[in-house]
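Using the numbering used here, the letters of the sequence shown correspond one by one to residues 15 to 425.
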Amino acid sequence: MPINKPSIENVANIKVVGVGGGGNAVLNRMVEAKVKGVEFIAVNTDAQALHYSGAANKLHIGQNLTRGLGAGMDPSLGAQAAQESREDIHEALKGSDMVFVTAGFGGGSGSGAGPEICEIAKEGGALTVAVVTKPFSFEGQQRMTIAEEALAELQDRVDAAVVIPNDRLLQIIDKKTSLVDAFRVVDDVLRQGVQGISDLITQHGMVNVDFADIKAIINNAGSALMGIGRASGDNRAAEAARAAIESPLLDVTIDGAKGIVFNLTAGADLKMYEVEEAARVITEHVDANAKVIFGTVIDPTQIEEGELKVTVVATGFEQPEAVRKGQQRYSGQVSFNGQVPVAPQSAYAPPAPVNPSVPAAPAPAAPAPTFTPTPARAPESASQEEDLEVPTFIRRKMREQKEARDKGTSS
Numbered sequence: 015m016p017i018n019k020p021s022i023e024n025v026a027n028i029k030v031v032g033v034g035g036g037g038n039a040v041l042n043r044m045v046e047a048k049v050k051g052v053e054f055i056a057v058n059t060d061a062q063a064l065h066y067s068g069a070a071n072k073l074h075i076g077q078n079l080t081r082g083l084g085a086g087m088d089p090s091l092g093a094q095a096a097q098e099s100r101e102d103i104h105e106a107l108k109g110s111d112m113v114f115v116t117a118g119f120g121g122g123s124g125s126g127a128g129p130e131i132c133e134i135a136k137e138g139g140a141l142t143v144a145v146v147t148k149p150f151s152f153e154g155q156q157r158m159t160i161a162e163e164a165l166a167e168l169q170d171r172v173d174a175a176v177v178i179p180n181d182r183l184l185q186i187i188d189k190k191t192s193l194v195d196a197f198r199v200v201d202d203v204l205r206q207g208v209q210g211i212s213d214l215i216t217q218h219g220m221v222n223v224d225f226a227d228i229k230a231i232i233n234n235a236g237s238a239l240m241g242i243g244r245a246s247g248d249n250r251a252a253e254a255a256r257a258a259i260e261s262p263l264l265d266v267t268i269d270g271a272k273g274i275v276f277n278l279t280a281g282a283d284l285k286m287y288e289v290e291e292a293a294r295v296i297t298e299h300v301d302a303n304a305k306v307i308f309g310t311v312i313d314p315t316q317i318e319e320g321e322l323k324v325t326v327v328a329t330g331f332e333q334p335e336a337v338r339k340g341q342q343r344y345s346g347q348v349s350f351n352g353q354v355p356v357a358p359q360s361a362y363a364p365p366a367p368v369n370p371s372v373p374a375a376p377a378p379a380a381p382a383p384t385f386t387p388t389p390a391r392a393p394e395s396a397s398q399e400e401d402l403e404v405p406t407f408i409r410r411k412m413r414e415q416k417e418a419r420d421k422g423t424s425s
């Protein structure tokens, strides 16, 4: 009796679209990193910038409207350019199962065309995730306003969005970091946001996570959290899991999540107890009835010797009623927990493995930057309020040290 073998070509069709200057820069970083299993499409109103893109597929939008000269920090012009080229965009995205749209919000092309492209992707039936940055405060209020308005435009056009406020990066990079390296860090954080999910889908594992698992968690998810953690040593499973769910960029926690997909990548030395230990750390604070899907990939070529990598996607958080004054809340936000080098060298290298030292149970999250799903909490003092700009794991360490000093004084 003949055996019918399924076609290995029937895998999820994943496309990554870089929109505008910021989006094209992230796309170039992904091409350099040789992210596998995805198709890259560079989209821009600026013909000259598009020429230097490393993506194999390039789409010049709004040729009649902008004549290839860009959108000039005018998001309405960027939106019109996307509408002018709507049929071309639709054709480029046809057949996609999942579409990532990456852009730097605050300018014209990314902020204007980005939401339009997301809408086209979602209308075509693709699971749609936006991966975007907000500008630095020193770039001025006008750019910040443009970015916030673009985020609002995304609300009904994506299943979820990864939002990285650039200001947070100023707190985790060394003062000697060059401008070039600083922006490379931004690009690399966004790259990991895309690669963290695409790898789950495209890599076959001993216990496999497939596209249906990811779709079940992300589809119209509202708020979500995505993270990658790496660690080595005796406690690598717990440490990598904590690194994946505790962000150095945003004050968010996994508390109350109703859907979890996590994957462990390691060599043949992966132990069963390590799977259980990572699962315990990840699920410790999720909803009691949360849907948990896990996978494992045994592939030493993807990691350093003795290293374990944990990738987490969590969704289903309750939206908090309290919102910090002056901030807006975006219901479709995804907060990305990435590994970021604390002090990049002049010759930038991919982020090094993280081996954090943090408590087993995360403390309740403090007020977070704009668009985070963590409930706001009023500060107890002026000094505490100032500390809210410090990442959670650093504040936690500072509190432990202060308590130790207080005990020493009292004795």
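The beta-carbon is built from N, C-alpha and C at its ideal position, and this holds for glycine as well. All values reported here derive from a predicted model rather than from experimental measurement.
Give the straight-line distance between the Cα atoms of residue i and residue j, rounded to the nearest whole angstrom.
i: residue 154; j: residue 223; result: 43 Å
i: residue 166; j: residue 172; result: 11 Å
i: residue 64; j: residue 81; result: 13 Å
i: residue 212; j: residue 157; result: 30 Å
i: residue 252; j: residue 275; result: 16 Å
i: residue 216; j: residue 125; result: 29 Å
i: residue 51; j: residue 196; result: 28 Å
i: residue 273; j: residue 168; result: 22 Å
i: residue 55; j: residue 31; result: 5 Å
i: residue 254; j: residue 233; result: 26 Å
i: residue 228; j: residue 285; result: 25 Å
i: residue 302; j: residue 248; result: 29 Å
i: residue 170; j: residue 134; result: 12 Å
i: residue 246; j: residue 187; result: 23 Å
i: residue 256; j: residue 296; result: 7 Å
i: residue 319; j: residue 312; result: 13 Å
i: residue 330; j: residue 53; result: 29 Å
i: residue 67; j: residue 37; result: 10 Å
i: residue 193; j: residue 150; result: 13 Å
i: residue 250; j: residue 321; result: 7 Å
i: residue 298; j: residue 325; result: 16 Å
i: residue 235; j: residue 136; result: 14 Å
i: residue 218; j: residue 141; result: 20 Å
i: residue 304; j: residue 268; result: 12 Å
Using a 10 Å radius around the Cβ and a threshold of 16 neighbouring Cβ atoms, would you call residue i buried or exposed?
i: residue 308; result: buried
i: residue 86; result: exposed
i: residue 240; result: buried
i: residue 7; result: Outside the modelled stretch of the chain, which goes from 15 to 425, sits residue 7, for which no answer is possible.
i: residue 46; result: exposed
i: residue 277; result: buried
i: residue 283; result: exposed
i: residue 180; result: buried
i: residue 99; result: buried
i: residue 310; result: buried
i: residue 323; result: buried
i: residue 71; result: exposed
i: residue 83; result: exposed
i: residue 59; result: buried
i: residue 44; result: buried
i: residue 206; result: buried
i: residue 221; result: exposed
i: residue 244; result: buried
i: residue 182; result: buried
i: residue 198; result: buried
i: residue 290; result: exposed
From the DSSP secondary-structure annotation, give me the bridge partner or partners of residue i.
i: residue 246; result: 321
i: residue 74; result: 58
i: residue 277; result: 309, 325
i: residue 53; result: 29
i: residue 114; result: 30, 143
Between residue i and residue j, how many whole angstroms is the CB-CB distance? I'm expecting something under 8 Å.
i: residue 122; j: residue 91; result: 6 Å
i: residue 93; j: residue 74; result: In fact, because the Cβ distance is near 16 Å, the residues do not count as touching under 8 Å.
i: residue 147; j: residue 208; result: With 8 Å as the limit, residue 147 and residue 208 do not qualify as a contact, their Cβ atoms being about 13 Å apart.
i: residue 89; j: residue 164; result: 6 Å
i: residue 201; j: residue 40; result: 5 Å
i: residue 108; j: residue 76; result: With 8 Å as the limit, residue 108 and residue 76 do not qualify as a contact, their Cβ atoms being about 20 Å apart.
Under 7 Å, do residue i and residue j count as touching if we go by C-beta distance?
i: residue 210; j: residue 242; result: yes
i: residue 112; j: residue 28; result: yes
i: residue 26; j: residue 152; result: no
i: residue 127; j: residue 95; result: yes
i: residue 230; j: residue 271; result: no
i: residue 131; j: residue 160; result: no
Looking at chain B, is there any beta carbon in it that lies within less than 7 Å of the beta carbon of residue i?
i: residue 292; result: Considering every chain present, this structure includes no chain B. It has just one protein chain.
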